[in-house]
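Everything on this sheet refers to the single structure shown next.
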DNA sequence: ATCGGCTCGCGCAA
DNA sequence: TGCGCGAAGCCGAT
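In our numbering, the protein residues as written are 317 to 802.
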């Protein structure tokens, strides 16, 4: 991995790999995929260089915040698929589904003890930064995390972007090189030594540790997690995600430029759940989307467009619109969280937004709802209730309505910090793509992040206002309301 | 249907 | 130091 992608590598401890180790360890905790994964590719390269086998260890703990059947099932689906894939290919993949809180403590450190070098996922949000910091402190051998989050390596910005249009300039200045430096589609194809075993004492101490060939089905009901948030109707694996991507491209991508904001049009890609768990990489999606450009299109012709959101990618407008969402808007959230540890705190909002919200905290609020009323979709507003029901039932809110959803919570809460707490709680509890840098972008945009001031009004101050009446006039909602109405 | 005003601050040109 | 400009808006005037 050289030049452009060297910015993806975070050497967390100095020193040479331990030549006496039995294997190279890749601990998979964020980008849960075996394909188009820079961290796995880096681990394979080390294994080959040291002439050692590779051990892949994927963990699913039982007490992460908002743990529920919904998220557990999605990750279990992926682990099952990877077990079968690795079993077929003879790759040494081990999964550990923690049976109860705390049972996993010491596992990764113990597996790392027998390794030459340890590699894991660089990821800027939720519990993963702590995972990496804790392991870094606990082990003495070389530990490296690799950023496979998106097209633009996190290290290519030097601070949290203030606005998307500023990050878009970074995208346009770096896309060509990123496009020329794509990850290997199938890094395991290059692995020389596949078969590795773990010391027997590890299986004795952590009996749930499972080699790929020994996989047997597991139900979320076996874990001490929230069973009130139900599993989704589709599987959280690559087969499902890739099928969904192909269907999106074949049926909806051409309408994406014009109809993406209409809930009735279902022109959205539906990729965010698979992006969130790393099941499918941003790179793979970019590749398939650019395959749709007109014959003769080439990245060689791309030129910096001053950060303008149209006119950079050329070809189809709908390709450009979709890639702006995927690369610029997804990326700005990742880069923001990477540079701003308080990405989930009210105090991270720009000064103008905090000031204007604070100036209006004493404004009369004609309608107030409790978290319980919001959660059970008991407001006077049928559009908002429908969005909330979509969130609870299907684990997602349509990309336009989720903004209205957040704006109304601000309007109906006693103060902006409570509104923020309600949004985070509801989104992270129910959204399959929640607890993600990009999901925090959506929530905080409702409070001014990446946005600019607008006409001043009660409660909102100069935060951009949105209303259900305008939404009704602007987008097509009839079928959506029918589907998610009470 | 379209348009201007509302309002702020970053980054860059000068 | 000045200036252009920006995710999805709103409202009222024309």
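Yeah, the Cβ is synthetic: ideal placement off N, Cα and C, and Gly gets one too.
Per DSSP, the continuous alpha helix (DSSP H) segment holding residue 719 begins and ends at 717 to 728. Here DSSP, grouped into helix, strand and coil, assigns residue 572 to helix. Here residue 770 is exposed: its Cβ has fewer than 16 other Cβ atoms, across all protein chains shown, within 10 Å. In the DSSP assignment, no residue is bridged to residue 614. Contact between residue 719 and residue 761 holds: CB atoms are separated by about 7 Å, below the 8 Å threshold. For residue 453, the enclosing alpha helix (DSSP H) has its first and last residue at 444 to 454. Judged by DSSP in its simplified three-state form, residue 501 adopts coil rather than helix or strand. Residue 773 sits in a strand when the DSSP states are folded into three classes. For residue 787, no beta strand (DSSP E) encloses it; the enclosing alpha helix (DSSP H) starts and ends at 784 to 790. Residue 738 is classed as buried because its beta carbon has at least 16 other beta carbons within 10 Å across all chains shown.
For the 8 Å CB-CB criterion, residue 774 and residue 679 form a contact.
Secondary structure note for residue 481: its alpha helix (DSSP H) is the uninterrupted segment 480 to 495. Using a 10 angstroms sphere on the CB of residue 768, the tally of other CB atoms stays under 16, which defines it as exposed. With 16 or more other CB atoms across the displayed protein chains lying within 10 angstroms of its CB, residue 414 is buried. An exposed status is given to residue 537, since fewer than 16 other beta-carbon atoms sit within 10 Å of its beta-carbon.
Apart from sequence neighbours up to five positions away, the residues of its chain that approach residue 529 with a beta-carbon distance below 7 Å are 403, ordered along the chain. Distance check between residue 521 and each of 711, 749, 420, 501 places 420 closest, using alpha-carbon atoms only. DSSP lists 370, 433 as the beta-bridge partner residues of residue 340. Residue 459 is bridged by DSSP to 434. In this structure the stretch 577 to 586 does not lie against the stretch 425 to 442, because fewer than three pairs of beta carbons, one per stretch, are closer than 8 Å. Annotation note: the stretch 499 to 553 contains the following uninterrupted alpha helix (DSSP H) runs of length 4 or greater, listed N- to C-terminal: 516 to 521.
Under the 8 Å Cβ criterion, the stretch 619 to 627 counts as touching the stretch 474 to 487, having at least three qualifying pairs. Linking residue 628 to residue 640 through their CA atoms gives a straight-line distance of about 10 Å.
Burial check for residue 496: the Cβ neighbour count within 10 Å stays below 16, so the residue is exposed. Residue 678 sits in coil when the DSSP states are folded into three classes, being neither helix nor strand. DSSP places residue 661 in no beta strand (DSSP E); its state is neither H nor E. Residue 374 is classed as buried because its beta carbon has at least 16 other beta carbons within 10 Å across all chains shown.
Where residue 411 is concerned, the enclosing beta strand (DSSP E) starts and stops at 409 to 413.
Remark: C-beta atoms of residue 612 and residue 589 do not approach each other more closely than 8 Å. In the DSSP annotation of this structure, the continuous segment of the alpha helix (DSSP H) that includes residue 602 starts and ends at 598 to 606.
In this structure, DSSP gives residue 326 an extended state, which the three-state scheme calls strand. Take residue 729, set aside five residues on each side of it, and the residues of its chain with a beta-carbon closer than 8 Å to its own are 681, 684, 685, 735, 738, in chain order. Close CB contacts of residue 687 within its chain, under the 7 Å cut and outside five residues either way in sequence, are with 738, 741 (chain order).
Its chain contains 580 as the residues whose beta carbon lies nearer than 6 Å to that of residue 795, once the 5 sequence neighbours on both sides are disregarded; these appear in chain order. In the DSSP assignment, residue 402 falls within the unbroken alpha helix (DSSP H) covering 385 to 405. Residue range 753 to 761 is occupied by the alpha helix (DSSP H) that includes residue 759.
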